[in-house]
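This report refers to the structure that appears directly beneath it.
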Amino acid sequence: MMSSDARARARIGNGEPAREVKDYEPAYGSKVREHPCVESMKDNVLRDRGRPEIPDAWIRHQGVAGICATIQECWDHDPEARLTAHCVAERISKMEEEMDKLSSRSSSAEKIPEELKISIEVDIPEREVKIVEMQNVFAAP
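Under this note's numbering, the first residue of the sequence shown is numbered 19, with each subsequent residue one higher.
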């Protein structure tokens, strides 16, 4: 839920740093009362299959649409159909590679802003070292 809280407050700029931050609203804030009990949250998520809303602007944004689609696939009601952490890490790595390719092809004025680059920590023992190494490569000047 913390990630949905953070997502809900962020605004994407058009190639510029985000200028606005929305007021805090808890996940499912429009669907449950102010201080929901565990049972009402279970009803919302399990019975009603409620999920946090992703703003349409994010879904339409070329640089963020892939992340939104991945998030939505992680929310599948059927646990067997949800993406694994390994699959999510692979997708994000591919997205990062594509962003770097686009960034290297474009002029300096068109490059993807640092604000859109995402820092990722994934706890997958067999891949953890490789992911950290990849992050260090991408972070190098």
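Glycine included, each C-beta is placed from N, C-alpha and C at the ideal position.
Since the model is a prediction, treat every value here as computed from it, not as a measurement.
Item                                                                                  : Value
Helix, strand or coil at residue 106 according to DSSP, with G and I counted as helix : helix
Residue of 82, 63, 75 minimising C-alpha distance to residue 110                      : 82
CB of residue 84 within 7 Å of CB of residue 113, strictly                            : yes
Exposure label - residue 56; buried when at least 16 CB within 10 Å                   : exposed
Identity of the residue in 66, 63, 90 nearest residue 76 by Cα                        : 90
DSSP three-state assignment for residue 58, whether helix, strand or coil             : helix
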